[in-house]
Every structure is written in C-alpha cells, then in structure tokens.
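One line per chain: the protein sequences are E and B, in this order.
Under this note's numbering, the first residue of the first sequence carries the number 70, and numbering increases by one thereafter.
Under this note's numbering, the first residue of the second sequence carries the number 11, and numbering increases by one thereafter.
For each residue, glycine too, the CB sits at the ideal point set by N, CA and C.
The block underneath contains the structure these notes are about, expressed in structure tokens.
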Amino acid sequence: DARVTQTPRDKVTEMGQEVTMRCQPILGHNTVFWYRQTMMQGLELLAYFRNRAPLDDSGMPKDRFSAEMPDATLATLKIQPSEPRDSAVYFCASGSRQSLAGDLYNEQFFGPGTRLTVL
Amino acid sequence: GQNIDQPTEMTATEGAIVQINCTYQTSGFNGLFWYQQHAGEAPTFLSYNVLDGLEEKGRFSSFLSRSKGYSYLLLKELQMKDSASYLCAVRAYTGTASKLTFGTGTRLQVTL
Numbered sequence: 070d071a072r073v074t075q076t077p078r079d080k081v082t083e084m085g086q087e088v089t090m091r092c093q094p095i096l097g098h099n100t101v102f103w104y105r106q107t108m109m110q111g112l113e114l115l116a117y118f119r120n121r122a123p124l125d126d127s128g129m130p131k132d133r134f135s136a137e138m139p140d141a142t143l144a145t146l147k148i149q150p151s152e153p154r155d156s157a158v159y160f161c162a163s164g165s166r167q168s169l170a171g172d173l174y175n176e177q178f179f180g181p182g183t184r185l186t187v188l
Numbered sequence: 011g012q013n014i015d016q017p018t019e020m021t022a023t024e025g026a027i028v029q030i031n032c033t034y035q036t037s038g039f040n041g042l043f044w045y046q047q048h049a050g051e052a053p054t055f056l057s058y059n060v061l062d063g064l065e066e067k068g069r070f071s072s073f074l075s076r077s078k079g080y081s082y083l084l085l086k087e088l089q090m091k092d093s094a095s096y097l098c099a100v101r102a103y104t105g106t107a108s109k110l111t112f113g114t115g116t117r118l119q120v121t122l
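Quick look at the structure:
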C-alpha cells in the first residue's frame, strides 16, 4: 500500500556534522511537509512544498537548515552544521487534496520519522 | 501567532466515552484537524472540521464551534488500542498560504 518513506530511521551524529534526511512522498501527492517533534515543543512545521515549490519555510532556522525537492519523488532536509538542540524526530508528510463542505484541505500522511540525536 | 490548548493527560476506562477538548486563538482560521499518535509512531489523520457542528466517523466524532474557538474529539466504546496521544491542529491562512499549527497533544490512557 502507498506510504511515505523516510531515511534514515535513526541518525546519531556529532555536533558540527552535516545531516541529510530524505523523504519519498506518496506517488501522486503534490504537497510535502517537514515537521520536527520534541517533548517540549510538540510537533512544529518547518517547511512545506506544493508542486515542488517552497510555499512556507518560516518555521525553519535559515542559517543551518535547508529543504529542497529535487524531483517529485524526493524531498530532502539538510542541517549544516548540526547542534545538540536539533535532536528531535523529524517527520515528512505528503498531502492528498480532499473536499469537505466545498472546502479543500490536505489530508496529510506522515512518514515513520527520522530520530536524530546530535551529541 | 496562534495559541492552542488541550489537556496534557486523560484517563478513561475501556468501553467508556471520553471527550478531549481543544481551544484555540488564531487569526485567519481555516479549519481544524485531529490526529492520533501512538508512542514511537507517526501521527495519523482522524478528522477535519471547517464548519460549525459535528463530524462523525465510526467511533470517533469531532465538533467545532468557530465563534468560541473550541473543538472536541469524542471517542466512544473505548478500546485499549485507543491509548495514544491526540493532537489538535489549527489551519490558518497567513496571507500567502495556509499553515497548520499543532497543539502539544493529549495523552489518553485507557484502562481496564
């Protein structure tokens, strides 16, 4: 069945190292989201794309984070350099447009997440 | 900015009914979502409300009052597998795009 996939599932790295997380959205979904989840902050939207174009990345620290969609089957989130405070679970989600009462919304399907630990 | 409040934890008995409340303050409100997240897993979509009233989907129902900035998720005939965190998320239009903001979640424990 169709699922969002993410790699790696777990990543342990040292402060200052570059981290790249990858996401393959569900085929046919044209909206992709990156979230970060921590115990303290909960689930935070970092960035999202529609038709591969970035629509909103205001939740992302621009100095060290970057998000791209090189093609429709791949989204990447990169942290360079990584810091211990970046330790979190990073979720990718892809969206399928649905309609309710004449309103369009994205039903988001989340990937399994990448658990990042920066030492 | 947005402010979303939901209780941190709730406990209920198997077979019972539980109501999880969510209050929010936002500008540009454009819909409210409920997600379920089991420990160590990804969130899964439960419901979406954009108009006032009740949306029912099997054992789960979600209610919205836009004038009061209030929603609830109602779970009936509770099962042990319903033990999870329930996330309220508000969509708001920022002027350029719609953005989803999540509450910190309500951890529900279902007991025998």
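Quick check: the Cα distance between M138/E and H98/E, rounded to an integer number of angstroms? 13 Å
Going by DSSP, name the residue or residues bridged to R69/B. Per DSSP, none; premise fails for R69/B.
So, using beta-carbon positions, are I30/B and Y96/B closer together than 7 Å? yes
Do you know how far the Cα of L122/B is from the Cα of T104/B? 45 Å
Measure the alpha-carbon distance for T186/E versus R78/E and round it to whole angstroms. 11 Å
Limits of the beta strand (DSSP E) - the one that N31/B falls within: 28-35
Can you name the residues of chain E whose CB is closer than 8 Å to the CB of A94/B? Those within 8 Å of A94/B in chain E number zero; the least Cβ separation is about 14 Å.
Is any beta-carbon of chain B found at less than 7 Å from that of Y174/E? yes
Can the beta-carbon of L188/E be found closer than 7 Å to that of E87/E? no
With a threshold of 16 other CB atoms inside 10 Å of the CB of Q106/E, please say whether the residue is buried or exposed. buried
Rounded to the nearest angstrom, what separates T18/B and T106/B at their Cα positions? 32 Å
What residues in its chain sit with their C-beta under 7 Å from that of D92/B, if we drop five residues either side in the sequence? L85, L118, V120
What do you reckon, are the CB atoms on L214/E and M129/E nearer than 7 Å? Missing from the structure shown is residue 214/E; chain E here goes from 70 to 188 and no further.
I'd like to know whether the C-beta atoms of V81/E and I95/E end up nearer to each other than 7 Å. no
Partners in chain B for D155/E, counting only beta-carbon separations shorter than 7 Å: None at all; the shortest Cβ gap to chain B is about 19 Å.
Looking only at C-alpha atoms, which of Y58/B, G38/B, H48/B sits nearest to C98/B? Y58/B
Would E87/B and R69/B be called neighbours here (beta carbons separated by less than 7 Å)? yes
Pull up the CB-CB distance for T111/B and A102/B, whole angstroms please, since I reckon it's below 8 Å. 7 Å
With DSSP run on the structure shown, which of helix, strand or coil describes M129/E? coil
What whole-angstrom Cβ distance do Y104/E and A162/E have, given they're in contact under 8 Å? 7 Å
Who are the Cβ neighbours of T36/B in its own chain at under 6 Å, not counting the five residues just before and after it? Q12, V100, A102
Is Y80/B close to chain E? Criterion is C-beta to C-beta, closer than 7 Å. no
Backbone secondary structure at P139/E - three-state DSSP: strand
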